[in-house]
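Chemist: Take the position in the sequence shown, starting the count at 1, then add 13; the result is the number in the working numbering.
Glycine residues also receive a C-beta, built at the ideal position from the N, C-alpha and C atoms.
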Amino acid sequence: MKSKHGVDPWLEHYGCMVDLYGRAGRLDDAINFIKTMPVEPHEGVWGALLNASRIHNNVELGKYAMDKLMVIESENDAAHVLLSNIYAESKDWKGVSRTRGMMTAKGVKKVPGWSAIEADGKVHEFYVGGKSHPRYKEIEMMLAEMNRRLRLEGYAANTREVLFDIEEEEKEGAISLHSEKLALAFGLIVLPEGVEIRIVKNLRVCRDCHDYTKMISKVFNREIVMRDRNRFHHFKDGACSWVEIRIVKNLRVSGDCHDFTKMISKVLNREIVMRDRNRFHHFKDG
14 MKSKHGVDPW
24 LEHYGCMVDL
34 YGRAGRLDDA
44 INFIKTMPVE
54 PHEGVWGALL
64 NASRIHNNVE
74 LGKYAMDKLM
84 VIESENDAAH
94 VLLSNIYAES
104 KDWKGVSRTR
114 GMMTAKGVKK
124 VPGWSAIEAD
134 GKVHEFYVGG
144 KSHPRYKEIE
154 MMLAEMNRRL
164 RLEGYAANTR
174 EVLFDIEEEE
184 KEGAISLHSE
194 KLALAFGLIV
204 LPEGVEIRIV
214 KNLRVCRDCH
224 DYTKMISKVF
234 NREIVMRDRN
244 RFHHFKDGAC
254 SWVEIRIVKN
264 LRVSGDCHDF
274 TKMISKVLNR
284 EIVMRDRNRF
294 HHFKDG
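(1) Nearest to Leu24 by CA position, among Leu95, Met83, Val58 and His246, is which residue?
(2) Does DSSP put Lys135 in a helix, in a strand, or in coil?
(3) Kindly identify the DSSP beta-bridge partner or partners of Cys253.
(4) Are at least three pairs of beta-carbons, each pair with one atom in the stretch 94–107 and one in the stretch 50–66, less than 8 Å apart?
(5) For Ala61 and Asn215, I'd like the C-alpha separation in whole angstroms.
(6) Assuming Arg211 contacts Glu131 under a Cβ cut-off of 8 Å, what Cβ separation, rounded to an integer in Å, is found between them?
(7) When you compare only the Cα positions, how much space is there between Val286 and Lys275?
(8) Name the one or two DSSP bridge partners that Ala129 has.
(9) Nearest-angstrom Cα distance between Lys135 and Leu197?
(10) Thinking C-beta only, is Val31 closer than 7 Å to Ala43?
(11) Going along the chain, which residues of its own chain have a beta-carbon closer than 7 Å to the beta-carbon of Glu87, five neighbours each way excluded?
(12) Under 8 Å by Cβ, that's how I've got Val218 and His246 pegged, so tell me the actual separation to the nearest angstrom.
(13) Could you give the distance in angstroms between the alpha-carbon of Arg292 and the alpha-carbon of Ser267?
(14) Under 8 Å by Cβ, that's how I've got Leu74 and Leu40 pegged, so tell me the actual separation to the nearest angstrom.
(15) Less than 8 Å between the CB atoms is what I'm expecting for Asn89 and Leu82, so what's the real figure, rounded?
(16) Can you tell me which of Asp133, Met116, Phe46 and Gly167 puts its alpha carbon nearest to the alpha carbon of Asp224?
(17) Helix, strand or coil for His223 per DSSP?
(18) Taking C-beta to C-beta, are Val232 and Arg162 nearer than 7 Å?
(19) Let me make sure I understand the geometry here. Which of Leu156, Val141 and His137 has the alpha-carbon closest to that of Asn147?
(20) Using alpha carbons as the reference points, say which of Gly38, Val109, Val261 and Lys150 lies closest to Arg288.
(21) Considering just the uninterrupted stretch of the alpha helix (DSSP H) at Met79, what are its terminal residues?
(22) Checking the sheet assignment: what are the DSSP bridge partners for His295?
So this is what it looks like as structure tokens:
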């Protein structure tokens with residue numbers, strides 16, 4: 014960045030590099046990059062490595078990243094949940110129990126998951142397992158129909174992230190009422206065909222709900238945009254692609270940030286639209 018583009022890297026840039034190495038499966042390169050950083054690794058770096066450990070189910074690397082992260086940010090609830098997911102996918106229930114014990118001892122509580130959808134000029138919020146919505150009976154019936162049609166297409170629930178050592182049927186029940194599924198069912202009920210379903214979620218969408226939504230987009234022939242804690246997901250015809258990144262800024266974008274965003278659009282192959290105080294900027298392919 015410095016030699017070719019004259020841009021001094023910020024702390025966030027190092028976290029992005031670790032994230033890129035991790036998502037590409039180049040875990041050794043990610044570790045070597047961290048070891049050779051000219052600055053002390055921050056929570057974003059260790060969080061990216063922890064997430065890479067979850068993606069590739071590397072328990073030992075996950076424990077290493079978690080230990081480093083806890084020195085900096087000991088009450089990070091998302092990190093504890095990620096480590097629990099890594100243990101759960103490896104069926105290491107003792108590891109799950111230890112992590113939950115750590116959370117209890119520190120007073121760390123998992124943030125309740127919710128999903129929101131707008132319909133008829135109102136925002137409707139759904140929580141995991143929530144049955145308080147006035148149209149819940151209709152939602153329950155729609156969920157049953159969704160599950161029936163998806164099973165005919167070969168859908169099987171992905172229960173690897175369920176954090177309890179219970180029977181498979183119970184695991185399927187545990188994920189069947191995730192908040193995004195409730196919001197999705199409600200959207201199918203109230204939004205006319207051809208209208209895009211838009212859902213906002215406060216946490217990362219789990220793998221099962223991600224796969225489930227992909228299949229719903231195909232079976233029900235609906236476009237679905239879901240914004241979770243990390244990114245936008247655009248579901249269409251049984252596939253998911255990241256939609257363009259849209260940013261609104263109250264001041265003029267600086268020259269450095271403008272050049273940096275151009276580079277990001279090329280390196281990550283993303284379209285980025287930024288509206289600053291003066292104009293719209295459309296970044297694509299650098």
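Modeler: Straight from the coordinates:
(1) Val58
(2) strand
(3) Phe248
(4) yes
(5) 19 Å
(6) 7 Å
(7) 11 Å
(8) Glu138 and Val213
(9) 15 Å
(10) yes
(11) One detail in the question is off: residue 87 reads as Ser in this sequence, not Glu. Excluding positions up to five away in sequence, the list reads Lys119.
(12) 7 Å
(13) 13 Å
(14) 6 Å
(15) 7 Å
(16) Gly167
(17) helix
(18) yes
(19) Looking at the sequence shown, residue 147 is not Asn but Pro. The candidate whose alpha carbon is nearest that of Pro147 is His137.
(20) Val261
(21) Val72 to Ile85
(22) Val286
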